[in-house]
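Structure record follows, encoded as structure tokens.
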Amino acid sequence: MQKTLYILLTLALFLTSCAPQSATPTLPPSATSSPHPTATSTPSPPALWISNTVPDELREIAEESGIPLVKDAEDATIHFDLSDRENASIWTYALVAPFATVQDGVSLEELKTIWLEDVEIELWMAEFTKRALTALWGLPSKKQVRVVPSDKLLNTLWEKKDAWAIIPFEDIQPRWKVLTIDGQSPLHNDFVGENYPLNLSFGVDEISSLDLPAFNRDPEKLTTVALTGVTALVRATAYTMERKGVTYPAQDVGDWLRNADITHISNEIPFMPNCKPPTPGQIGLQFCSDPKYIELLEFVGTDVVELTGNHFQDYGAEATLFTLDLYDEIGLPYYGGGRDLADASKAITLEHNGNKFAFIGCNPVGPEFAWAREDGWPGAAPCNHKFMVAEIEKLRADGYLTIATMQYHEYYSPEIRPWQERDFRRLADAGAVIVSGSQAHFAQAKEFYNGAFIDYGLGNLFFDQMDNPVVGTRREFIDRHVFYDGRYLGTELLTAMLVDYSRPIIMTEAERADFLSYIFEASGWGEYPPTPTPAPTLTLTPIAMPRPFYTLTPLPYYGGQH
């Protein structure tokens, strides 16, 4: 019996030892227990590395951001460099040359050839620009691609021939000429950045507190102003308009004028309801225009009309006041002439894309009957230089970019007379950014002076002088002035050749090169190469015109020559 009990106990112990056991017994949670902390890495403090490709303006923003800077990219948490990220800054560069450069542009392939090969043209730039373009185009020619600090580029290149530069858009100055690349220029209103090879992107490789501008060229801050020479819709010009249509004279250059944000026309002639039909060989210098011709001014997109012309009072106060009423009726602002002296002398102001403009003008030549008076006599504003200087100084103090124009004495050669230089420079010294001679039938020299651009004479726009009274009156300028964010950037000289006694057409490359070289020499910027100017290949209907139909002898009552 005892033996049997012993066997049963032994068997029970054996079965118990063979049962599965729990490796980690589960305990009820304690009310006071807490989970063990999880180990985490401590984030590195921000450190910014700036590539030597980054332009100066962006570099300054980054350096002033407060983010600690490091010299070695491996030590940085934020890298600022060329980037294709969506939030990158788009930085526009310009291909530029000294203003007295005849060539207007190149293709991208031609520019890359200059970059890579030893050609005649030197290409200058700042070091950061060279490094950025090297990343895009490869190593440049050691001989032709030169480096100089940004603030020394213009003075380094001004006296050079066959030397260009690549600069950021914000470094454009009036003495640079911006060259097109495949027809694109950052000075143009129709600029398409996506198609422009000198648009570079700079950004950081992660989200940071670095606040960068989206671009350095904001189209909402750009304004172009087209300034023109003499318009006189009379004689053979008006006769052609009667035969071929009122807008015929603007058939070729109309887009230049319409595409400007502000278009200026200097119309010397009063409109008069009973103006006689025009005759090409009109005897005498008393002029009027049919009121229907105002359609031409509207067709070219005129935004402001200058009335400093000698002929504004040719048909007396009645015609002058009718003309002013006509301008008021279509909402066309005028200056340099008016209903009395105060109206004629006042500046007019315009604003576009945040740029504030003022136009002011006068006539120092007369004749006296053409000048407006205090007693209510309408006409052109006589030049009171003390008044003009004071007004320009006031406008400048009020933040206006002032454009001053004068109906000056007429000369049939391009050189600047000493008294002309004195009178034009006086307005630039007062603060005008553009000083322009509206009187010239023969285009004159240009000048950069005290931060201003002075054009001593643009030539005709719509007027019938076909190389009369001297050869050269067919050649004319339209000055396209460019302003950005409250400052004057520069001027593009557009060139045209008068045909058909009425219609300026765009010059051929050979005509333009000859004309620019001629004017640049007169301006003291180069030597004039005597290249032949081929005649335009046009078939024109001749107009019967007695010779001579111009006289250089003033009529007894008139002080100018037309």
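For the sequence shown, the residue numbers in the numbering used here are 135 to 696.
A virtual CB, placed ideally from N, CA and C, is assigned to each residue, including glycine.
Unbroken alpha helix (DSSP H) runs of length 4 or more, entirely within the segment 418-458: which are they?
Entirely contained in the segment 418-458, the alpha helix (DSSP H) runs reaching 4 residues are, in chain order, 428-433.
What's the gap between the Cα of residue 245 and the Cα of residue 631?
Cα to Cα, the separation comes out at about 30 Å.
What first and last residue would you give for the beta strand (DSSP E) that runs through residue 638?
Per DSSP, residue 638 belongs to the beta strand (DSSP E) from 637-640.
Measure the C-alpha to C-alpha separation of residue 453 and residue 571 and round it to an integer number of angstroms.
Their Cα atoms are separated by approximately 25 Å.
In whole angstroms, what is the alpha-carbon distance linking residue 247 and residue 253?
If I take the Cα positions, the gap works out to 8 Å.
Please go through the segment 537-599 and give each complete alpha helix (DSSP H) segment of 4 or more residues, from N-terminal end onward.
Complete alpha helix (DSSP H) runs here, min 4: 552-564.
Inspect the beta-carbon positions of residue 300 and residue 227 and report whether they are closer than 8 Å.
Closer than 8 Å, so yes.
Just to confirm, are residue 316 and residue 216 a CB contact at a threshold of 8 Å?
Their beta carbons are not under 8 Å apart, which means residue 316 does not touch residue 216 by this criterion.
Can you list, in chain order, the residues of its chain whose CB lies under 7 Å from that of residue 288, leaving out five sequence neighbours each side?
If we look at residue 288 and ignore the five residues flanking it on each side, its Cβ neighbours are 307, 309 and 310.
Taking residue 357 as the reference, which of 583, 624, 596 and 562 has the closest Cα?
Among 583, 624, 596 and 562, the Cα nearest to that of residue 357 is on 624.
Could you name each continuous beta strand (DSSP E) segment of 3 residues or more that falls completely within the segment 485-534, going from the start of the chain to the end?
Segments of the beta strand (DSSP E) lying fully in the segment 485-534: 489-496.
What residue range is occupied by the uninterrupted alpha helix (DSSP H) comprising residue 651?
Unbroken alpha helix (DSSP H) run through residue 651: 643-656.
With a threshold of 7 Å on Cβ separation, who are the neighbours of residue 646 within its own chain once the five nearest residues in sequence on each side are excluded?
The residues are 629.
How far does the alpha helix (DSSP H) with residue 621 in it extend, from its first residue to its last?
Residue 621 -> not in any alpha helix (DSSP H); beta strand (DSSP E) instead, spanning 621-633.
Judging by CA-CA distance, which residue of 601, 180 and 400 is the nearest neighbour of residue 210?
Checked all of 601, 180 and 400; the closest Cα to residue 210 is 180.
May I have the straight-line CA-CA distance separating residue 218 from residue 335, to the nearest angstrom?
Each residue's alpha carbon lies about 6 Å from the other.
Excluding the five sequence neighbours on either side, which residues of its own chain have a C-beta within less than 6 Å of the C-beta of residue 542, listed in chain order?
These residues qualify, in order along the chain: 571 and 573.
Count the C-beta pairs between the segment 407-424 and the segment 505-523 that are closer than 8 Å, then say yes if the count reaches three, no if not.
Taking 8 Å as the limit for Cβ pairs, the verdict is that the segment 505-523 does not touch the segment 407-424.
On a Cα-Cα basis, can you pick out the residue from 208, 536, 643 and 346 that is closest to residue 239?
Of the candidates 208, 536, 643 and 346, the one whose C-alpha sits nearest the C-alpha of residue 239 is 643.
Can you say whether residue 379 is buried or exposed, counting buried as having 16 or more other CB atoms within 10 angstroms of its CB?
The residue in question, residue 379, is exposed, as its Cβ has fewer than 16 Cβ neighbours within 10 Å.
On the three-pair Cβ rule with 8 Å, is the segment 478-489 touching the segment 606-623?
Touching, yes.
Assuming residue 595 contacts residue 613 under a Cβ cut-off of 8 Å, what Cβ separation, rounded to an integer in Å, is found between them?
That belief does not hold up - the Cβ atoms of residue 595 and residue 613 are roughly 11 Å apart, past 8 Å.
Among residues of its own chain, excluding the 5 on either side of residue 186, which ones have a beta-carbon nearer than 8 Å to its beta-carbon?
So the list reads 261, 262 and 265, once near-sequence residues are dropped.
What would DSSP say about residue 198, mapped onto helix, strand or coil?
Coil.
When the distance is taken between beta carbons, is residue 587 closer than 8 Å to residue 534?
Against a cut-off of 8 Å, the Cβ pair of residue 587 and residue 534 comes out as no contact.
To the nearest angstrom, how far is it from the Cα of residue 206 to the Cα of residue 183?
Using only the alpha carbons, I get a separation of about 7 Å.
Is it buried or exposed for residue 661, if we count other Cβ within 10 angstroms and need 16 for buried?
Exposed, because fewer than 16 other Cβ atoms sit within 10 Å of the Cβ of residue 661.
What residue does the alpha helix (DSSP H) around residue 366 start on, and which one ends it?
Here residue 366 belongs to no alpha helix (DSSP H), and DSSP marks it neither H nor E.
Just checking, does the segment 439-451 make contact with the segment 394-408 on the three C-beta pairs under 8 Å criterion?
These segments touch.
Go ahead and pull the three-state DSSP assignment for residue 262.
Note: residue 262 maps to helix in three-state DSSP.
Quick check on residue 473: does DSSP put it in helix, strand or coil?
Coil at residue 473, not helix or strand.
Can you tell me whether residue 544 is buried or exposed, with buried defined as 16 or more other CB within 10 angstroms of its CB?
So residue 544 ends up on the buried side.
Could you tell me whether the Cβ atoms of residue 230 and residue 282 are closer together than 8 Å?
Result no, Cβ atoms of residue 230 and residue 282 do not sit closer than 8 Å.
How many angstroms separate the CA atom of residue 525 from the CA atom of residue 417?
Those two C-alpha atoms are separated by around 40 Å.
Can you give me the Cβ contacts of residue 455 inside the same chain, cut-off strictly under 8 Å, excluding the 5 residues immediately before and after it?
So the list reads 473 and 512, once near-sequence residues are dropped.
Out of 659, 657 and 610, which has the shortest C-alpha to C-alpha gap to residue 387?
Among 659, 657 and 610, the Cα nearest to that of residue 387 is on 610.
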